[in-house]
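Working notes, structure below.
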Amino acid sequence: MRVFVLDKNHYPLDPCHQARARQLLQKGRAKVFKRYPFTIVLQDRTVEQSVAHPHRLKIDPGSKTTGVAVVQEEAGRVTNAFEISHRGQQIKNALESRRALRRGRRNRKTRYRKPRLLNRTRKPGWLPPSLESRIANIETWVRRIRKLCPVTAISTELVRFDLQQMQNPEISGIEYQTGELFGFEVKEYLLQKWGRKCAYCGVENVPSVLVHLLQSSY
Numbered sequence: 004m005r006v007f008v009l010d011k012n013h014y015p016l017d018p019c020h021q022a023r024a025r026q027l028l029q030k031g032r033a034k035v036f037k038r039y040p041f042t043i044v045l046q047d048r049t050v051e052q053s054v055a056h057p058h059r060l061k062i063d064p065g066s067k068t069t070g071v072a073v074v075q076e077e078a079g080r081v082t083n084a085f086e087i088s089h090r091g092q093q094i095k096n097a098l099e100s101r102r103a104l105r106r107g108r109r110n111r112k113t114r115y116r117k118p119r120l121l122n123r124t125r126k127p128g129w130l131p132p133s134l135e136s137r138i139a140n141i142e143t144w145v146r147r148i149r150k151l152c153p154v155t156a157i158s159t160e161l162v163r164f165d166l167q168q169m170q171n172p173e174i175s176g177i178e179y180q181t182g183e184l185f186g187f188e189v190k191e192y193l194l195q196k197w198g199r200k201c202a203y204c205g206v207e208n209v210p211s212v213l214v215h216l217l218q219s220s221y
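FYI, the numbering for the sequence shown is 4 to 221, going by my numbering.
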């Protein structure tokens with residue numbers, strides 16, 4: 004982990020080594036700007052007096068945590084790495100608790116009324132609150148890092164797998180439900196796939212398992 008550096012006008016410079024940041028602080032050439040992520044401000048340097056190399060911000064999104072890395076591509080090194088923890092499950096539990104409280108209050112203190120569903124439409128582009136919180140969390144940290152480091156490019160990992168379409172590019176609609184495993188339980192499918200033999204040694208007298216255990220006596 005390197006230390007983020009700002010010039011005296013609070014413009015981002017190249018991150019420096021921790022030992023270098025310690026020397027600058029001891030000599031009085033820099034002051035602490037932020038504790039986390041640790042950032043210093045140079046008192047005698049501006050962007051025009053130094054060279055700021057371009058950095059790339061790489062994002063690996065996840066449901067519970069998102070990995071973020073700051074890479075200086077010219078030097079081929081990762082200067083900083085973070086993990087962003089999301090509150091998706093906490094938000095989901097809070098909404099479920101609120102729904103239960105409101106439902107109980109309506110049943111206790113209000114007279115019966117016909118259900119009104121026309122006021123429950125969702126706007127175009129609606130996202131679940133847990134997912135919206137995850138996106139906002141990532142955007143917030145990207146803005147923070149851009150203020151502390153000369154980021155010129157952002158990359159994010161977008162992974163979507165459709166194995167059935169790789170085997171059959173023309174697949175669509177209900178065909179996804181009638182694929183290779185249709186009508187099979189997983190165990191029965193694997194037994195038929197391996198010819199009811201051991202997957203390692205090929206022995207045939209194992210009708211109910213794929214891998215048999217050999218007990219050796221020493």
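For glycine and all other residues, C-beta sits at the position ideal for the given N, C-alpha and C.
Continuous alpha helix (DSSP H) stretch holding residue i: start and end
i: A139; result: 132–151
i: E99; result: 91–112
i: R80; result: First-last for R80: 80–88, but that is the beta strand (DSSP E), not the alpha helix (DSSP H).
i: A22; result: 21–29
i: Q46; result: Element bounds for Q46: n/a, residue is neither H nor E.
i: Q168; result: 166–170
Distance, residue j Cα to residue i Cα
i: Q167; j: L194; result: 21 Å
i: E173; j: G91; result: 36 Å
i: A24; j: I43; result: 8 Å
i: P127; j: L134; result: 15 Å
i: W197; j: S66; result: 35 Å
i: G205; j: M169; result: 30 Å
i: R137; j: P18; result: 27 Å
i: A139; j: K150; result: 17 Å
i: A55; j: P15; result: 8 Å
i: K200; j: G176; result: 35 Å
i: E77; j: P57; result: 8 Å
i: Y221; j: E191; result: At Y221 the pLDDT is 38, less than 50, meaning the model places this residue with poor confidence and gives no usable figure here.
i: Y115; j: H89; result: 39 Å
i: R38; j: V145; result: 17 Å
i: S219; j: E207; result: Residue placement at S219 cannot be trusted, given a pLDDT of 41 that sits under 50; what the coordinates show is reported in the next sentence. The alpha-carbon atoms of S219 and E207 are separated by roughly 20 Å.
i: E178; j: R125; result: 30 Å
i: N110; j: A103; result: 11 Å
i: V71; j: R119; result: 44 Å
i: S158; j: G79; result: 16 Å
i: V73; j: R123; result: 42 Å
i: G107; j: A97; result: 15 Å
i: V35; j: E99; result: 43 Å
i: P40; j: R105; result: 41 Å
i: T82; j: Q75; result: 7 Å
i: A22; j: E142; result: 31 Å
For residue i, the nearest candidate out of the options (CA to CA)
i: V63; options: E86, I43, D17; result: According to the sequence as given, residue 63 is Asp; it is not Val. Residue E86 is the option with its Cα nearest to D63.
i: V50; options: T82, L9, W197; result: L9
i: T69; options: S100, G107, E160, A78; result: E160
i: P131; options: N122, Q75, R101, I94; result: I94
i: H13; options: P153, S158, Q29, N122; result: P153
i: L27; options: Y39, R48, V71, P40; result: R48
i: A84; options: E142, V6, R119, K117; result: V6
i: K30; options: I141, Q46, R111, K112; result: Q46
i: I148; options: T181, K61, R102; result: K61
i: H20; options: V35, K11, M4; result: M4
i: A156; options: S53, R59, R106, T143; result: R59
Endpoints, the beta strand (DSSP E) within which residue i is located
i: R59; result: 58–63
i: V206; result: No beta strand (DSSP E) holds V206; DSSP gives it neither H nor E.
i: L9; result: 6–9
Beta-bridge pairing of residue i - partner residues as DSSP gives them
i: G70; result: D63, E86
i: S75; result: As written in the sequence, residue 75 is Gln, which differs from the Ser given in the question. Looking at the DSSP assignment, Q75 forms a beta bridge with R80.
i: I157; result: L60
i: K37; result: T42
i: P15; result: L9
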